[in-house]
Amino acid sequence: MSEQIKYTDAFQELQLIVSEIEKGQISIDELSEKVKRAAQLIKICKAKLTSTEESVNDILKDLDA
0 MSEQIKYTDA FQELQLIVSE IEKGQISIDE LSEKVKRAAQ LIKICKAKLT
50 STEESVNDIL KDLDA
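With numbering that gives the first Met the number 0, letter number 11 in the sequence shown gets 10, and the count goes up by one each step, no holes.
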């Protein structure tokens, strides 16, 4: 990911976008951009979760050695 954003920040922004969409606070003109941004945030969150899982697994393997 080229974008450096913390998982918590990405998740909070994603929650805000979802909330705005659910409440109908986004115009049709903004909707496409918000959906694109939400997709970017989901990718960021997934990458960070995968990376963290791999790191934890490596640490646990070292403990077993």
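The beta-carbon is built from N, C-alpha and C at its ideal position, and this holds for glycine as well. Just so we're clear, the structure is a prediction, and the values are computed from it rather than from any experiment.
Query raised in the report: By the 10 Å Cβ neighbour count, where 16 or more other Cβ atoms means buried, how is LEU40 classified, buried or exposed?
Result: buried
**Report entry** Close beta carbons around ALA37, own chain, < 8 angstroms, minus the five adjacent residues each side
**Finding:** LEU13, ILE16 and VAL17
Query raised in the report: Cα separation between PHE10 and LEU48?
Result: 11 angstroms
Query - Cβ-Cβ distance between SER20 and LYS33 below 9 angstroms - result: This sequence places Ile at residue 20; Ser is not what is there. For ILE20 and LYS33, yes; Cβs fall inside 9 angstroms.
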